[in-house]
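Beneath this line is the structure, given in structure tokens, with notes to follow.
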Amino acid sequence: MKPPFESWGRYPSYDATLKPLHWQGDFPAVLEGAHSGALAVGMGRSYGDVCLLNEGTLLPTTSMNRLLGFDAETGLLTAEAGITLAQILDFAVPRGYFLPVTPGTKYVTLGGAIANDIHGKNHHLAGTFGNHVTQFELVRSDGEQMHCSRTDNPDYYAATIGGLGLTGVITWAQLRLKPIVSRRIDFQGIQFHGIDEFLSLTQQAAHIEYTVSWIDVTSTGKNFMRGVFMQGDHSQVPAALKPSPKPKLVFPFELPGFALNRYTVGAFNTLYFHKQMKQRVSALQDYEPFFYPLDIAQHWNRMYGKRGLLQFQYVIPWEHAREGTIACLQEVAKSGLASFLAVLKVFGEVESPGLMSFPKPGITLALDFPIKPEKSFALFDRLASMTQEFGGRLYPAKDARMTAPQFQAFYPQWEKLARYKDPALTSGFWERVVGADGGAR
Amino acid sequence: MSFDPKLQKSEPQLALRYVPESEGEAASSQPDGQRRILVLGATSGIAEATCRLWAARGDKLFLVGRSADKLNAVAADLSVRGASFVDTTAVDLDDCSRHAEVLSHAVNALGGLDVVFIALGVLGDATEAEHSFAEAQKILQTNFVSVVSLLTWLAGYCAQRHHGTLAVLSSVAGDRGRKSNYVYGSSKAGLSAYVDGLRNRIDREGVSVMTIKPGPVQTAMTEGMKGSSKFADVETVAATLVRAIDKGTDVVYVPGIWRIIMGVITHIPEFVFKNLNL
Numbered sequence: 361m362k363p364p365f366e367s368w369g370r371y372p373s374y375d376a377t378l379k380p381l382h383w384q385g386d387f388p389a390v391l392e393g394a395h396s397g398a399l400a401v402g403m404g405r406s407y408g409d410v411c412l413l414n415e416g417t418l419l420p421t422t423s424m425n426r427l428l429g430f431d432a433e434t435g436l437l438t439a440e441a442g443i444t445l446a447q448i449l450d451f452a453v454p455r456g457y458f459l460p461v462t463p464g465t466k467y468v469t470l471g472g473a474i475a476n477d478i479h480g481k482n483h484h485l486a487g488t489f490g491n492h493v494t495q496f497e498l499v500r501s502d503g504e505q506m507h508c509s510r511t512d513n514p515d516y517y518a519a520t521i522g523g524l525g526l527t528g529v530i531t532w533a534q535l536r537l538k539p540i541v542s543r544r545i546d547f548q549g550i551q552f553h554g555i556d557e558f559l560s561l562t563q564q565a566a567h568i569e570y571t572v573s574w575i576d577v578t579s580t581g582k583n584f585m586r587g588v589f590m591q592g593d594h595s596q597v598p599a600a601l602k603p604s605p606k607p608k609l610v611f612p613f614e615l616p617g618f619a620l621n622r623y624t625v626g627a628f629n630t631l632y633f634h635k636q637m638k639q640r641v642s643a644l645q646d647y648e649p650f651f652y653p654l655d656i657a658q659h660w661n662r663m664y665g666k667r668g669l670l671q672f673q674y675v676i677p678w679e680h681a682r683e684g685t686i687a688c689l690q691e692v693a694k695s696g697l698a699s700f701l702a703v704l705k706v707f708g709e710v711e712s713p714g715l716m717s718f719p720k721p722g723i724t725l726a727l728d729f730p731i732k733p734e735k736s737f738a739l740f741d742r743l744a745s746m747t748q749e750f751g752g753r754l755y756p757a758k759d760a761r762m763t764a765p766q767f768q769a770f771y772p773q774w775e776k777l778a779r780y781k782d783p784a785l786t787s788g789f790w791e792r793v794v795g796a797d798g799g800a801r
Numbered sequence: 068m069s070f071d072p073k074l075q076k077s078e079p080q081l082a083l084r085y086v087p088e089s090e091g092e093a094a095s096s097q098p099d100g101q102r103r104i105l106v107l108g109a110t111s112g113i114a115e116a117t118c119r120l121w122a123a124r125g126d127k128l129f130l131v132g133r134s135a136d137k138l139n140a141v142a143a144d145l146s147v148r149g150a151s152f153v154d155t156t157a158v159d160l161d162d163c164s165r166h167a168e169v170l171s172h173a174v175n176a177l178g179g180l181d182v183v184f185i186a187l188g189v190l191g192d193a194t195e196a197e198h199s200f201a202e203a204q205k206i207l208q209t210n211f212v213s214v215v216s217l218l219t220w221l222a223g224y225c226a227q228r229h230h231g232t233l234a235v236l237s238s239v240a241g242d243r244g245r246k247s248n249y250v251y252g253s254s255k256a257g258l259s260a261y262v263d264g265l266r267n268r269i270d271r272e273g274v275s276v277m278t279i280k281p282g283p284v285q286t287a288m289t290e291g292m293k294g295s296s297k298f299a300d301v302e303t304v305a306a307t308l309v310r311a312i313d314k315g316t317d318v319v320y321v322p323g324i325w326r327i328i329m330g331v332i333t334h335i336p337e338f339v340f341k342n343l344n345l
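Structure follows, in structure tokens:
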């Protein structure tokens, strides 16, 4: 049976009771009569179990999506936490503003973006999403309403940014948008071979706002670590700022589990690498395909079949970033498992205000694989240990496998988060990496 | 919100016969295209989604609902989205004795009236209402009696000025009594009949009266109902309503497929229908 709420990876699959929040005043009254733990959730676009809770009470927030204030001079936007980034863009783009940081999908909520302290292609210049959240309200299960900013309840402000939804329910938040004059992105795609070419392209693009690379992880030998480096800036040439059309495509059914294998993905990767015929192409591109190429088809995760997909994302600090990345990608190539969406990026120095924020200076690699328990779990577990050996850490929003000792080593500050955690709130992730009673201390 | 006693002096007469225009307020649409819209039951899912579209085109909105907190949240959202005017009154519209005061205040605040959208309604507890007259009465009061009271005043006001659109949210559930929810259904059946009749009386006075019959829509009202994930999307319903209200369509089924579904359902013979589980 289909569970009532799924994460984007559709793994693990948990039963839960849904009690949607429609109004800012609904929490904590909604918990009356609920005996299990609870967790506010948004669009379910995190991949693992940070947005799940086995046999718990999930509080979907997407009906709580009202705009509460907008200053056209400063770009400060205040909205309820269940608004999606897509809805913010629909409002902001025609008014000449854009998100200060955006992930690879616009179908995430404001509250979810804060709770996971998400990052985007401009991390090297803009930092994380939390860097642009000026204030928000946190409501605790005892009914206390806390106004949080860098100066007001600064400890709760820090604990909530990247706090995985455990410190309370965010009812509204204020975000500093940034001005644009066009929907378009001045885009360049550059083919590269190997990590050193990637690093030198990164260095040359240090002043360019958005950079990210797709890499072909199925190729070995002379094509090992070939990829396309993509860079872009908002176009400075004024052009019409129309809202985006609504997506019409829906991935209609689940592909059978064997459909994505090393041969089909390998063929795709070769095609994708050579999609651009020249070593370097430049174009003016709308922001939709630049930032959200996969949002064009709703439910694209069905491509991975019933079992779902696993995401894996590490950051390895500069000290071991180069050797660690080569070693991990060799491990992936050796495993024979295919990953479509292999993404490589360099994180910058901008520090997040969040206590548990994932990014730190170094190289980040994101991979995804269809779930094949014996093979993909084994590979994941190897990659997680390698990440730990190289001094890196994994991203909770994209994890369904890291062990409690690994999490506690990656994020030694977890004990501090536990002190700010709301006793009524918990998540599948938290119970896995800390234990059901972990928050009680 | 407190009422300015001065405003109430200009309260229009309830006379339903034709009275020549006597007040200074504009009877026709505002010249700049902003329409003056009164929304009753404004915190309902369908009303809020519809108001967002009106706000985006700069209309003037007056919202009436039960909860001041909810009205404030909706009003903030609508003014950010571009409504040229938003004001609210929190009142329990089950209390019909307040209607004249609330409506005249709203009309004065808007400076006239182009559209009224009546979206109050409760689903109630169908099983409870089978046995408890108190529950049945509550459903009938909110969905039918209160709306009749509101429409009596509003029809008088609009007919007097030969201007206005009265868009009333009924339901497909009113097209035929069904065992699963007949108290709600009968409240909506009564409402549909009342609104249809009202249209036949005052359409010739230059007032559009619309019977709106939504099928099940994904809102707080239908949350947790079986199959609710397949219900119509509230934003699509709102877009249809905005277009229909612009045109003043007499009877609107949203989504349109429900006109056909209900056409079939109302033609099933009763000896068959009574053995179905609808």
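Taken in sequence, the protein lines are chains A and B. When the letters of the first sequence are read in order and numbered with my numbering, they come out as residues 361 to 801. When the letters of the second sequence are read in order and numbered with my numbering, they come out as residues 68 to 345. The beta carbon of each residue, even a glycine, is placed where N, CA and C say it ideally should be.
For Leu428 of chain A, the neighbours in chain B by C-beta distance under 8 angstroms run, in chain order, Ala140, Ala143, Asp144 and Val147.
Taking all protein chains in view, the Cβ of Gly581 of chain A is surrounded by fewer than 16 other Cβ atoms within 10 Å, so the residue is classified as exposed.
For Ser695 of chain A, there are no C-beta contacts with chain B under 8 angstroms, since the nearest C-beta of that chain is about 37 angstroms from it. Within the region 633 to 665 of chain A, no residue has a Cβ lying closer than 7 angstroms to any Cβ of chain B. In the three-state DSSP reduction, Gln384 of chain A falls in the helix class (H, G or I).
For His492 of chain A, there is no enclosing beta strand (DSSP E), as DSSP marks it with neither H nor E. Taking 8 angstroms as the cut-off, the beta carbon of Glu415 of chain A is found closer than this to the beta carbon of Asp375 of chain A.
Here DSSP, grouped into helix, strand and coil, assigns Arg544 of chain A to strand. Nearest in C-alpha terms to Phe613 of chain A, of all of A:Val588, A:Tyr664, A:Asn583 and A:Asn629, is A:Tyr664.
Taking 9 angstroms as the cut-off between beta carbons, the residues of the region 283 to 298 of chain B near chain A are Thr286, Ala287, Glu290 and Gly291, in sequence order. Residue contact with chain B for Ser604 of chain A: absent (no Cβ-Cβ distance below 8 angstroms to any residue of chain B). Taking every protein chain shown into account, the CB of Asn342 of chain B has fewer than 16 other CB atoms within 10 angstroms, so this residue is exposed. Ranked by how close their Cα comes to the Cα of Phe458 of chain A, the residues A:Lys602, A:Leu669, A:Pro677 and A:Asn661 have A:Lys602 in first place. The beta carbon of Asp759 of chain A sits closer than 7 angstroms to the beta carbons of Gly408 from its chain, once the five residues preceding and following it are set aside; these are given in chain order. The distance from the Cβ of Phe672 of chain A to that of Leu743 of chain A is about 6 angstroms, consistent with a contact at the 8 angstroms cut-off. Bridge pairing for Cys508 of chain A: A:Phe496 [DSSP].
For His395 of chain A, the closest alpha carbon among the candidates A:Pro420, A:Val453, A:Ser501 and A:Tyr647 is that of A:Ser501. Taking C-beta atoms under 8 angstroms as the contact rule, Ala203 of chain B and Val250 of chain B qualify, at a distance of about 5 angstroms. Chain A places a beta carbon closer than 8 angstroms to that of Lys137 of chain B, counting this residue as a contact.
Contact annotation: Leu725 of chain A and Thr685 of chain A have beta-carbon atoms nearer than 8 angstroms. Any Cβ of chain B closer than 8 angstroms to the Cβ of His680 of chain A would place that residue at the interface, and such an atom is absent. If the five residues before and after Asn482 of chain A are omitted, its C-beta is found closer than 7 angstroms to the C-beta atoms of Val461, Glu569 and Tyr570, all from its own chain and listed in chain order. Leaving aside the five residues that flank His492 of chain A on each side, the residues in its chain whose CB is nearer than 7 angstroms to its CB run, in chain order, Pro460, Val461, Leu535 and Arg536. Scanning chain B for C-beta atoms nearer than 7 angstroms to the C-beta of Pro380 of chain A yields Glu290, reported in chain order. The distance from the Cβ of Thr219 of chain B to that of Met277 of chain B is about 17 angstroms, inconsistent with a contact at the 8 angstroms cut-off. The beta-carbon of Trp383 of chain A is placed less than 8 angstroms from the nearest beta-carbon of chain B.
Boundaries for Arg124 of chain B: no alpha helix (DSSP H) harbours it, and the DSSP string shows neither H nor E there.
The beta carbon of His382 of chain A sits closer than 7 angstroms to the beta carbons of Ser423 and Met424 from its chain, once the five residues preceding and following it are set aside; these are given in chain order. In the structure shown, Ala114 of chain B adopts helical secondary structure according to DSSP, grouped into three states. Here Ser238 of chain B has Lys255, Lys280 and Pro281 as same chain residues with Cβ atoms under 7 angstroms from its own Cβ, once five neighbours each way along the sequence are excluded.
Comparing alpha-carbon positions, the option among A:Thr527, A:Leu427 and A:Leu701 lying closest to Asn661 of chain A turns out to be A:Leu701. Here Thr444 of chain A is buried. Its C-beta has 16 or more other C-beta atoms within 10 Å. Val318 of chain B has B:Thr278 as its beta-bridge partners, per DSSP.
In the displayed model, Arg103 of chain B falls within a strand according to three-state DSSP.
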